[in-house]
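Structure first, then comments.
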Amino acid sequence: MTDPRDHQAISPDLAGYALDALEDDARALVKKHLAGCEDCTSELEELMEGAASLVFTVPTVAPPERLGERISAAIDAEVPASDAVVGSDRTMPIPDVPPGPARHIPWYASPRLAWGVSTGLAASFVAVVAVAAVIGTRLNDRVDELSAQVAIQEGNIDGISASLGTMEQDAKQVQSDVQQVSQLQESADTLEQQLNDLRWLQYVTSTGAWSTPSFFSGGLQPQAPQGMLITHSDGEEARLIINGLAPAPTGSVYQVWLIYEGSVIPGSTFTVDRNGYAVVTLDLLGDATEYVGASVTVEPSGGSEIPTGVVVLEGTGQ
Amino acid sequence: MEYTEFTDEALLAQIVEQDRLALECLYQRYSTRVFSLSYRMLSDQGASEEVTQDVFLNVWRRASSYKTGRGKFTTWLFGIAHHRTIDELRKRTRGKQRSVENVDDFLNLESADIQPADAAVANSEYATVRDALLDLPDAQRAVIEMSYFGGFTQAEIAQKLDQPLGTVKTRMRLGLKKLRAALATKLRGPEL
Ligand SMILES: [Zn+2]
Chain S
0 MTDPRDHQAI SPDLAGYALD ALEDDARALV KKHLAGCEDC TSELEELMEG
50 AASLVFTVPT VAPPERLGER ISAAIDAEVP ASDAVVGSDR TMPIPDVPPG
100 PARHIPWYAS PRLAWGVSTG LAASFVAVVA VAAVIGTRLN DRVDELSAQV
150 AIQEGNIDGI SASLGTMEQD AKQVQSDVQQ VSQLQESADT LEQQLNDLRW
200 LQYVTSTGAW STPSFFSGGL QPQAPQGMLI THSDGEEARL IINGLAPAPT
250 GSVYQVWLIY EGSVIPGSTF TVDRNGYAVV TLDLLGDATE YVGASVTVEP
300 SGGSEIPTGV VVLEGTGQ
Chain H
0 MEYTEFTDEA LLAQIVEQDR LALECLYQRY STRVFSLSYR MLSDQGASEE
50 VTQDVFLNVW RRASSYKTGR GKFTTWLFGI AHHRTIDELR KRTRGKQRSV
100 ENVDDFLNLE SADIQPADAA VANSEYATVR DALLDLPDAQ RAVIEMSYFG
150 GFTQAEIAQK LDQPLGTVKT RMRLGLKKLR AALATKLRGP EL
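So the protein lines, in turn, are chains S and H.
Each residue of the first sequence is one higher than the one before, counting from 0 in numbering that gives the first Met the number 0.
Each residue of the second sequence is one higher than the one before, counting from 0 in numbering that gives the first Met the number 0.
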């Protein structure tokens with residue numbers, strides 16, 4: 000792409016470009032060349048950094064208070080409120096959102112269930128752990144039992160839905176089937192919610208030496224995904240247990256970010272199961288005291304070096 | 000989680016998602032720097048407010064055009080701020096021959112002319128950049144200040160200093176590289 004003669008002619012102008020000291024036509028030529036020349040792009044980065052540092056030599060004068068309000072008003076004027084919802088991501092494909100009231104739920108909330116704050120589990124967590132430790136094995140039985148029930152319910156739903164799809168029924172039958180599906184769905188949702196609460200307790204009580212959890216939320220909606228972060232007493236590891244998170248869009252994954260004082264460190268990528276459930280192990284770099292929180296974003300498959308996508312969960316550490 | 004604990008880049012990622020609080024947080028961090036730069040160059044409160052407003056509206060609208068891994072956020076931000084201010088400066092001086100006295104102002108710049116910024120926030124950056132700037136050979140410092148703060152093009156500078164254009168370009172390049180190296184060494188350790 001790059002003509003070496005171009006490079007010879009353009010590269011001496013990079014400093015002028017960084018300092019905004021070129022005439023318009025010369026600037027346009029540099030811009031055009033930069034698109035195809037990695038060497039020049041890299042050098043310009045360095046020169047721009049040098050130029051930007053000059054800002055720190057300027058005596059500071061604070062702008063008037065009202066300027067912030069004016070900017071805010073200018074943004075209000077240009078963004079229709081309906082476009083400002085969380086999750087209006089421009090870089091990621093977003094699954095279709097159902098119409099009606101459900102459109103207030105962020106797409107990343109699993110439509111099926113969520114647990115946590117709404118069940119009261121979160122508030123009473125510490126007390127519950129003590130009880131759960133006693134009911135130990137029965138908890139495991141109950142999880143198996145509920146899992147089987149959920150599977151049956153879903154089988155029923157699939158069966159009726161399939162017959163609905165054949166269109167060989169009269170209108171009355173269709174109406175009755177639709178009603179039945181919605182009832183079954185509701186009951187399956189409740190079961191799944193319980194199941195996931197139990198899975199969570201099962202998980203925590205099967206381990207030792209974990210901190211009380213900090214709670215993560217993906218929003219204020221009851222359907223919003225929830226997360227709980229527990230840190231191991233050795234300070235080297237934490238686990239984030241997530242529920243109610245819809246599968247990430249095709250071509251993307253979820254990624255955890257550990258937020259330390261002044262920096263964000265990429266954590267592991269993960270996917271959720273069909274119940275929107277996942278347990279993610281986090282490496283705290285041996286120093287749990289330094290980290291101040293974590294968040295989960297949607298990132299392109301393979302993960303990113305810094306967060307680029309929608310934040311679906313966030314919370315502060317201990 | 001407190002946005003004040005986010006890195007600039009993490010806040011920008013939030014702004015891509017149309018998060019107003021993240022923009023507010025970046026505004027808190029950098030509006031004074033942006034405004035001060037513009038004010039230093041334009042000496043006009045109203046115009047500097049306009050520029051600052053434009054710059055942050057630009058951040059809001061174009062957050063997704065910031066390329067991660069392609070330089071620091073502040074480089075991008077101050078680049079936008081400077082470019083926007085230069086536009087304004089050139090609009091004002093278009094058609095007018097700027098006086099040679101302006102050039103002398105830059106050539107005679109003394110260290111007293113550069114004052115500490117908000118000490119708590121940027122003492123290290125301030126001291127580092129000021130020292131690096133004062134350490135530059137006069138000829139390099141002059142072309143950098145004339146262009147960056149004075150808004151002169153490299154061709155204008157060559158003419159005013161009666162130097163070959165190629166010499167001016169080289170001085171700009173060497174000067175910027177030294178500033179950047181000084182900052183990198185002091186802030187990130189000597190290995191860079
Ligand atoms: Zn090139």
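Ideal Cβ positions, reconstructed from N, Cα and C, are used throughout, including at glycine.
In this text the structure is predicted, and so the values were computed from the model without any measurement.
Option in the options with minimal Cα separation from residue i
i	options	result
residue 65 of chain S	H/62, H/87, H/184 and H/51	H/51
residue 147 of chain H	S/191, S/14, S/291 and S/226	S/14
residue 178 of chain S	S/191, S/195 and S/160	S/160
residue 17 of chain S	S/30, S/7, S/67 and S/176	S/30
residue 74 of chain H	S/225, S/55, S/305 and S/300	S/55
residue 22 of chain H	H/34, H/8 and H/35	H/8
residue 240 of chain S	S/262, S/183, S/314 and S/181	S/314
residue 305 of chain S	H/70, H/61 and H/29	H/70
residue 153 of chain S	S/7, S/188, S/254 and S/270	S/188
residue 276 of chain S	S/180, S/225 and S/294	S/225
Any chain S beta carbon closer than 8 Å to residue i
i	result
residue 72 of chain H	no
residue 160 of chain H	no
residue 91 of chain H	no
residue 102 of chain H	With a pLDDT of only 48 at residue 102 of chain H, under the threshold of 50, the placement of this residue in the model should not be trusted, and no figure is reported.
residue 16 of chain H	yes
residue 12 of chain H	yes
residue 8 of chain H	yes
residue 2 of chain H	no
Residue i, buried or exposed, once every other Cβ within 10 Å from all chains shown has been counted against 16
i	result
residue 251 of chain S	buried
residue 77 of chain S	exposed
residue 48 of chain S	buried
residue 249 of chain S	exposed
residue 53 of chain H	buried
residue 82 of chain H	exposed
residue 132 of chain H	buried
residue 63 of chain S	exposed
residue 20 of chain H	exposed
residue 170 of chain S	exposed
residue 51 of chain S	buried
residue 136 of chain H	exposed
residue 150 of chain S	exposed
residue 144 of chain S	exposed
residue 307 of chain S	buried
residue 168 of chain H	buried
residue 61 of chain S	exposed
residue 161 of chain H	exposed
residue 20 of chain S	buried
residue 30 of chain H	buried
residue 103 of chain H	Confidence in residue 103 of chain H is poor, its pLDDT being 48 and thus under 50, which makes the residue's placement unreliable; the coordinate value appears in the next sentence. Flag for residue 103 of chain H reads exposed.
residue 173 of chain S	exposed
Any C-beta of chain H under 8 Å from that of residue i
i	result
residue 45 of chain S	yes
residue 230 of chain S	no
residue 238 of chain S	no
residue 291 of chain S	yes
residue 246 of chain S	no
residue 309 of chain S	yes
residue 295 of chain S	no
residue 250 of chain S	no
residue 151 of chain S	no
residue 279 of chain S	no
residue 305 of chain S	yes
residue 275 of chain S	no
CB of residue i within 8 Å of CB of residue j, strictly
i	j	result
residue 237 of chain S	residue 228 of chain S	yes
residue 281 of chain S	residue 257 of chain S	yes
residue 247 of chain S	residue 297 of chain S	yes
residue 22 of chain S	residue 176 of chain H	no
residue 273 of chain H	residue 70 of chain S	Within the shown structure, residues of chain H are numbered from 0 to 191, placing residue 273 of chain H beyond reach of any answer.
residue 164 of chain H	residue 154 of chain H	yes
residue 182 of chain H	residue 142 of chain H	no
residue 89 of chain H	residue 57 of chain S	no
residue 25 of chain H	residue 84 of chain H	no
residue 295 of chain S	residue 255 of chain S	yes
residue 318 of chain S	residue 75 of chain S	Since the first residue of chain S shown is 0 and the last is 317, residue 318 of chain S is not available in this structure.
residue 80 of chain H	residue 33 of chain H	yes
Chain-ordered residues of the stretch 21–55 of chain H with a beta carbon less than 7 Å from chain S: 26, 30, 31, 32, 34, 35, 36, 38, 39, 48, 51, 52 and 55
Please list the residues of the stretch 2–21 of chain S that have a C-beta atom closer than 8 Å to any C-beta atom in chain H, keeping them in chain order. 11, 12, 13, 14, 15, 17, 18, 19, 20 and 21
Closer than 9 Å between beta carbons: that is the criterion. Which residues of the stretch 128–157 of chain H meet it against chain S? 128, 129, 131, 132, 142, 143, 144, 145, 146, 147, 148, 150, 151, 152, 153, 154, 155 and 156
May I ask you to list, following chain order, the residues of the stretch 169–180 of chain H that have a beta carbon less than 9 Å from some beta carbon of chain S? 169, 170, 171, 172, 173, 174, 175, 176, 177, 178, 179 and 180
Give, in chain order, every residue of the stretch 52–75 of chain S whose Cβ lies closer than 8 Å to some Cβ of chain H. 52, 53, 54, 55, 56, 57, 58, 59, 60, 61, 62, 63, 66, 67, 69, 70, 71, 73 and 74
Scan the stretch 171–192 of chain S for residues whose Cβ lies nearer than 9 Å to a Cβ of chain H and list them as they occur along the chain. none
When Cβ atoms are compared, which residues of the stretch 254–267 of chain S fall closer than 8 Å to chain H? 256, 258, 260, 261, 262 and 263
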